[in-house]
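If you read the sequence shown in our numbering, its first letter stands for residue 2, the second for the next number, and so on.
Don't be surprised by glycine CBs; every beta carbon is placed ideally from N, CA and C.
Step one of this worksheet: look at the structure below.
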Amino acid sequence: MTDDHQLRVSKIQNGTVIDHVAAGQALNVLAILGIDATSGEAVSVGMNVPSDRLGRKDIVKVEGRELSQSEVDVLSLIAPAASINIVRDYDVVEKNRVVRPDIVTGIISCPNRNCITNADEPITSRFTVLSDGVRCDYCESIVREDEVAANLDVN
């Protein structure tokens, strides 16, 4: 046994590492990305690992996939401190912190059943991003940061 207490997760050859995710959010990250047991991607998940910046954090590594900007925008709502690392041939070629957009469209469902976006109208949901959640631009319902994952419309 050694005195080395570092987390050891194998490197990925090509893909994305999502680091500095708030502890407990890794499974929501997988849901946002549409990853489940049937999706076929090789995934490594570290949950509740020590972090100097967050105290505890989650890490998600997805082999063979680079995230789209819309996926990063959604991730920013549930993991505002996350960094996105693009890996090619085992090297990090790009490293970015997520940036919350001012507006998100079509990725969150309004929880208000009476909102026009939930009627049989061809209207895409649109939310203004707040410091602690999002607000529907049509009915002004607020979705708090810890409720965003339950209202994702990623299908």
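Does the Cβ of residue i have 16 or more other Cβ atoms within 10 Å, making it buried, or fewer, making it exposed?
i, result
"Ile117", "exposed"
"Ile124", "exposed"
"Gly41", "exposed"
"Met2", "Because Met2 carries a pLDDT of 41, less than 50, the predicted location of this residue cannot be relied on, and no value is offered for it."
"Glu141", "exposed"
"Cys137", "buried"
"Ser11", "exposed"
"Glu122", "exposed"
So residue i packs on residue j, CB below 8 Å; how close in whole Å?
i, j, result
"Val22", "Ala80", "4 Å"
"Asp74", "Val30", "About 13 Å; that fails the 8 Å criterion."
"Ala32", "Ala150", "7 Å"
"Ala83", "Val99", "5 Å"
Flag this pair as yes or no: are the beta carbons of residue i and residue j separated by less than 8 Å?
i, j, result
"Ser45", "Lys62", "yes"
"Leu78", "Glu148", "no"
"Ile85", "Thr17", "yes"
"Leu55", "Ile19", "no"
"Asn15", "Gly65", "yes"
"Asp154", "Ser132", "no"
"Asn49", "Ser110", "no"
"Ile87", "Glu67", "yes"
To which residues does DSSP link residue i through a beta bridge?
i, result
"Lys58", "Ala23, Val50"
"Asp138", "Asp138 pairs with nothing; no bridge assigned."
"Lys12", "Lys12 is not bridged to any residue."
"Leu131", "Gly134"
"Asn86", "Val18, Lys96"
"Thr125", "According to DSSP, which records beta bridges pairwise, Thr125 is partnered with nothing at all."
"Leu153", "Ile109"
"Val63", "Thr17, Val44"
"Ile143", "Arg136"
"Ile33", "According to DSSP, Ile33 bridges with nothing at all."
Does the ligand ADP have even one heavy atom less than 7 Å from the beta-carbon of residue i?
i, result
"Val22", "Of the ligands one can find in the structure shown there are none, so the ligand ADP has no counterpart to examine."
| task | Decide if the segment 27-43 is in contact with the segment 87-107; the criterion is three or more beta carbon pairs, one per stretch, under 8 Å apart. | result | no
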